[in-house]
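Mapping of the sequence shown onto this note's numbering: residues 44 to 442, in sequence order.
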Amino acid sequence: MNDNHALQAIGWPLDDHGRPAFAAWREMLADFPTAYPARVVEQHRTGYVVAVGPEEGIAVESPPHWQRAPSYRKGATPTEQRAGVGDWVLVEPAPEDAIVTKDQIVALLPRRTAIKRGAAGEHYKQQLIAANVDTVFVVCGLDSDFNPRRIERYLLLVSGSGAVPVVVLTKLDQADDVPGSLEALIDLAAQDVPVRAVNALDPDSVASLNPWLRPGTTAVLVGSSGAGKSTLTNTLVGSERMKTGAVRESDERGRHTTTHRALIPLESGACLIDTPGMRELKPTGEEDVAENFSDIDALGANCRFRDCRHASEPDCAIRAAIEDGKLDPRRFANYVKLQEEVAGAADKLAERQTQHAAATPNATAAPPSLARPTRKPAEKSPGKPSRQRPRIDDDYGED
């Protein structure tokens, strides 16, 4: 089933010798000689859809331990250690005489990059947004949805992931003050974060994103509902692949049109991952706030005291920059807020890691083999189709 040309079309990296580009991937392929590599293109509550090329996906079975509730406790697997859209997995074909008819995932290949967030809820969990991506398009509308503080929050999650962030401002055709919006993001240019304003309905306008959509690369779209991600996806694909919806007139908020993450091959040879809007965008505790606010970090180095809290201390360079109009006080307030959130998440992450280490006596041991179940799972009665609407648990609103 291995076709390197087809795999390359969905982002499979090869070295100059035509082998998988990463030694760890080659070693795992050798450990599972009868398995084939595939990329996760859809993730649903009931399982996965994978692809071995730009054609239609294949429904596969999850490993047994992924079918149990995610947890950091002994014998369980946390959510972020399970495959997500963009991941590369090894899949074992179902034997011809097997009771289980679906091919089964037997290994998750190490990720090149990973975009994660803290999952919604009181308990600490991580949620994978997308894996093995080269570019993250942070999408924000130039309408009333425009929010520089939200963009800064997205960029915080992207930092340290290994992927390149690009801010995409949509609804250029509806914008009243494009220069003013770009001026509000002037600090991003100083940090080498590209900003592009586009009309998501116009292919010529969207073509400004082509430098980040080269053959063999993968980009993911992130942003709030109504920002225009699905419209942008349809224009890049060249067809009405994703459902779109109008923004509500009552509150100018977007409707949910994307209900699950999906990886879509483009004619350019790149792949695009569209995601649902994210309402709660919490840090994982692994982020470096200073990396995203290098301007503030540099100003702080000029304070009179090394431990300056930038409150009432004399000769505070940051307060002086705010008073002189060189630093937006809202940007500094967001910097302080994000620092506090990351510190709190880091404490919870350390607690989880300690808990996991205590529950796993031999934490350095290799993970158990993902063996195929030997008995046929019980069949469900047909019944009536469920009328329950898809649960959208990752929509993100104001910050």
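Heads up, the beta-carbon is just placed ideally off N, CA and C, and yes, glycines get one too. Remember, predicted model here, so these are calculated numbers, not experimental data.
Item	Value
Host beta strand (DSSP E) of HIS87 (start-end)	79–87
Short Cβ contact (8 Å threshold) for VAL209 with PRO191	no
Pick from ILE361, VAL263, ASP358 and PHE348 that is closest to ILE316, judged by C-alpha positions	VAL263
HIS108 versus ILE101, ARG116 and ALA102, residue with shortest Cα-Cα distance	ARG116
Where ALA262 sits in the DSSP three-state scheme	strand
Assigned exposure category for PHE336 - 16 Cβ within 10 Å defines buried	buried
Distance, VAL332 Cα to TYR378 Cα	7 Å
Where THR278 falls, given that 16 or more other Cβ within 10 Å makes a residue buried	buried
Outcome for SER268 when other beta-carbon atoms lying within 10 angstroms are tallied against a minimum of 16	buried
Exposure label - ILE194; buried when at least 16 CB within 10 Å	buried
Same chain, Cβ closer than 8 Å to ARG257, neighbours up to 5 away in sequence not counted	SER311, GLY312 and ALA313
Secondary structure of ALA150, DSSP reduced to three states	strand
With 16 other Cβ atoms within 10 Å as the buried cut-off, status of THR417	Because the pLDDT of THR417 is 39, which lies under 50, any placement of that residue in the model is unreliable, and the question is left without a value.
Meets three-Cβ-pair contact criterion under 8 Å: the region 110–130 and the region 337–346	no
Close-in-space but distant-in-sequence residues of the same chain around ARG362 (CB under 7 Å, 5 per side omitted)	HIS353
Status (buried if at least 16 other CB within 10 Å, exposed otherwise) for ALA408	Any reading at ALA408 must be qualified, since the residue scores a pLDDT of 42, below 50, and its modelled position is unreliable; the value itself is stated next. With fewer than 16 Cβ atoms within 10 Å of its Cβ, ALA408 is classed as exposed.
Spatial neighbours of PRO56 in its chain, beta-carbon cut-off 6 Å, leaving aside the 5 residues before and after	ALA64
Residue closest to GLN457, alpha-carbon to alpha-carbon, out of GLN124, PRO97 and GLU98	In the structure as shown, the chain begins at 44 and stops at 442. Residue 457 is therefore absent and cannot be evaluated.
Ordered list of alpha helix (DSSP H) runs contained in the region 178–226, each at least 4 residues	191–201
CB of SER248 within 8 Å of CB of ASN242, strictly	yes
Secondary structure of TRP55, DSSP reduced to three states	coil
Alpha carbon of ILE462 to alpha carbon of VAL93, nearest angstrom	This structure leaves residue 462 out entirely; the chain is present only between 44 and 442.
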